[in-house]
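*Asks:* Protein chains in written order, with the UniProt record's numbering: chain A, 1 to 163; chain B, 1 to 173.
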Amino acid sequence: MHLTCPLWVRRIPKIYRNNDPFYLRNLYLQFSFLFRGRSSRCFRLAEQRVIKAFQHMNAMRAVRKDRFKQLCDERIDAACAQHGIPGKMLVDGLGRMNIQLNRKMLQQLAIYEPYSFKSLTDLVKQYHSELGIVPPNAEPPAPVVTRGLLQSPIVPGNRKYYE
Amino acid sequence: MSRQMLPRVFLSQPLQNGVSRYTCQLKRITLKFCKFRPNSLGAREFIENGDFLEFARANPQVACYLKPRRNRPPVLQAEFANGSVQLARIDSFPAEFVRRWFWLMRGRSGDDLLPLHENLRSFHPSVQGVWTPFTFGRSVGLGDLPDSRHRPMSPSATELIQQLHRLQSARMS
């Protein structure tokens, strides 16, 4: 099929004038090239799928954070269950002792440094046993002399009380 | 869709640069600017303040070029050891920003800027050993089979034969 030269030339975009529809359609098709079937090739189908894909991208931003937090919580819970305490107790206890480890780091420790994680659970058990709270399924932690430091830890703000 | 369009990569350096020895990956940097137009003012000030010479002296491994181009916006062109070329538009930037772009290019490896899976990467992420069900003794996943919590399984071949035998002996007797 022989097309004459004028048919190949695109209308050059100018201000206040319609430019060639090719430019807008190509933009959508660039986003759709990995889609399935004709949605990746035909503009009228691609336009719908691409707009929906953008909506999904927007919506998933908040959902992704929540899902990651859920995953971390699940992993911490499972790791703590092996040592006999609930995951919430670990996170709460570490916060009260001013040990600043967030859920992301705790689940990394639980996977890659299990003995450090166990020592954290021991700390939390010690803290709670000093307050008289004993988790039901837990083995008692190794006896450690804490001298009340877990209950009132030295932080930059209260250092003057301990000098 | 975003992950399909721009695939994510892991942090990496060309030829493990920095593991034993660090080589600056920036080979040539060219500052193209106009001598008259106002959007090149920052670039001109950067040169006149002596910051360009300071950069060139501090980095003898980088070939620094100046390219005055009439009636063109200012651009920073950086060429790297892996052959890639990166352009930074410094249109109407203050001199301090131009200086920061120079030093930023000095620290780059020339790899494409792509979204990362994670901001960290380690080939040995575990020092104590990755957790297994056997790390703290066999205390996880213990139980006997068949477990009453599982769905009732269809009878095994042995059980079927035993059932048949019982039925047969009941009929016979």
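We treat Cβ as the ideally placed atom computed from N, Cα and C, and that holds for glycine. The structure displayed is predicted, hence computed values, not measured ones.
Of the residues A/Lys160, A/Leu94 and A/Ser116, which one's Cα is nearest the Cα of A/His128?
*Replies:* A/Leu94
*Asks:* Could you tell me the distance, in whole angstroms, from the CA atom of B/Ser169 to the CA atom of B/His150?
*Replies:* 32 Å
*Asks:* Output the boundary residues of the beta strand (DSSP E) element that contains B/Tyr65.
*Replies:* Ala63 to Pro68
*Asks:* Compare the C-alpha of A/Glu47 against each of A/Phe31, A/Ala59 and A/Met57 and name the closest.
*Replies:* A/Phe31
*Asks:* Please report how far the alpha carbon of residue 202 of chain B lies from the alpha carbon of B/Ala58, in whole angstroms.
*Replies:* This structure does not reach residue 202 of chain B, given that chain B is present from 1 up to 173, and the question cannot be answered.
*Asks:* Which two residues bound the contiguous beta strand (DSSP E) that contains B/Ile29?
*Replies:* Leu26 to Phe33
*Asks:* Below 8 Å on C-beta distance, what does B/Phe10 contact in chain A?
*Replies:* Correct list: empty, because the minimum Cβ distance to chain A is about 16 Å.
*Asks:* Would B/Asn17 pass as a contact of B/Ser109 if the rule is Cβ separation under 8 Å?
*Replies:* Less than 8 Å separates the beta-carbon of B/Asn17 from that of B/Ser109.
*Asks:* Within 10 angstroms of the Cβ of B/Arg44, are there 16 or more other Cβ atoms? Answer buried if so, exposed if not.
*Replies:* buried
*Asks:* What are the residues in the stretch 67-99 of chain A lying within 7 Å of chain B by C-beta distance?
*Replies:* Using a CB distance below 7 Å, the part of the stretch 67-99 of chain A facing chain B consists of Gln82, ordered along the chain.
*Asks:* Taking C-alpha atoms, which residue in A/Ala62, A/Pro21, A/Arg64 and A/Asn58 lies nearest to A/Arg44?
*Replies:* A/Pro21
*Asks:* Using beta carbons (cut-off 8 Å, strictly below), is B/Thr23 in contact with chain A?
*Replies:* Chain A contact via Cβ: absent.
*Asks:* Tell me the rounded alpha-carbon separation between B/Ser122 and B/Gln86.
*Replies:* 27 Å
*Asks:* As an exercise, report each continuous beta strand (DSSP E) stretch of at least 3 residues that is fully enclosed by the stretch 96-150 of chain A, in chain order.
*Replies:* none
*Asks:* Considering Cα atoms alone, identify which of A/Ile154, A/Ser119 and A/Arg103 is closest to A/Glu139.
*Replies:* A/Ser119
*Asks:* Taking only beta carbons into account, state which residues of the stretch 105-120 of chain A come closer than 9 Å to chain B, listed in chain order.
*Replies:* Gln108, Ala110, Ile111, Tyr112, Glu113, Pro114, Tyr115, Ser116, Phe117 and Lys118
*Asks:* Using only alpha-carbon positions, find the residue among B/Thr135, B/Gly141, B/Ser126 and B/Ile29 that is nearest to B/Leu104.
*Replies:* Answer by Cα proximity: B/Ile29.
*Asks:* Using 10 angstroms around the beta-carbon of A/Ile133, count the other beta-carbons present and answer buried if the total reaches 16, otherwise exposed.
*Replies:* exposed
*Asks:* By alpha-carbon positions, which one of B/Met5, B/Phe10 and B/Leu6 ends up nearest to B/His117?
*Replies:* Minimum Cα distance to B/His117 is reached at B/Phe10.
*Asks:* Could you give the distance in angstroms between the alpha-carbon of B/Gly107 and the alpha-carbon of B/Leu142?
*Replies:* 53 Å
*Asks:* So, at 8 Å on beta carbons, what are the nonlocal neighbours of B/Asn119 in its own chain, with the 5 sequence-adjacent residues on each side left out?
*Replies:* So the list reads Leu11, once near-sequence residues are dropped.
*Asks:* State the Cα-Cα distance for the pair B/Glu49 and B/Lys27, rounded to the nearest angstrom.
*Replies:* Looking at the sequence shown, residue 49 of chain B is not Glu but Asn. Distance between the alpha carbons of B/Asn49 and B/Lys27: 23 Å.
*Asks:* Verify whether the separation of the beta carbon atoms of A/Leu131 and A/Met97 is less than 8 Å.
*Replies:* No, the pair does not count as a contact, with Cβ atoms beyond the cut-off.
*Asks:* For the beta strand (DSSP E) holding B/Gln86, just list the boundary residues, first then last.
*Replies:* Val85 to Arg89
*Asks:* Measuring straight from C-alpha to C-alpha, what distance separates B/Phe52 and B/Ala63?
*Replies:* 12 Å
*Asks:* Assign B/Phe80 to one of three DSSP states: helix, strand, or coil.
*Replies:* Note: B/Phe80 maps to strand in three-state DSSP.
*Asks:* For B/Val98, which three-state DSSP category applies?
*Replies:* Correct three-state label for B/Val98: helix.
*Asks:* Could you check which residue in A/Ile51, A/Arg103 and A/Asn137 has the C-alpha nearest to that of A/Lys65?
*Replies:* A/Arg103
*Asks:* Which two residues bound the contiguous alpha helix (DSSP H) that contains A/Phe22?
*Replies:* Pro21 to Phe31
*Asks:* In whole angstroms, what separates the C-alpha of A/Phe33 from that of B/Pro152?
*Replies:* Distance between the alpha carbons of A/Phe33 and B/Pro152: 48 Å.
*Asks:* Which stretch, first to last residue, makes up the alpha helix (DSSP H) that contains B/Ser169?
*Replies:* Ala157 to Met172
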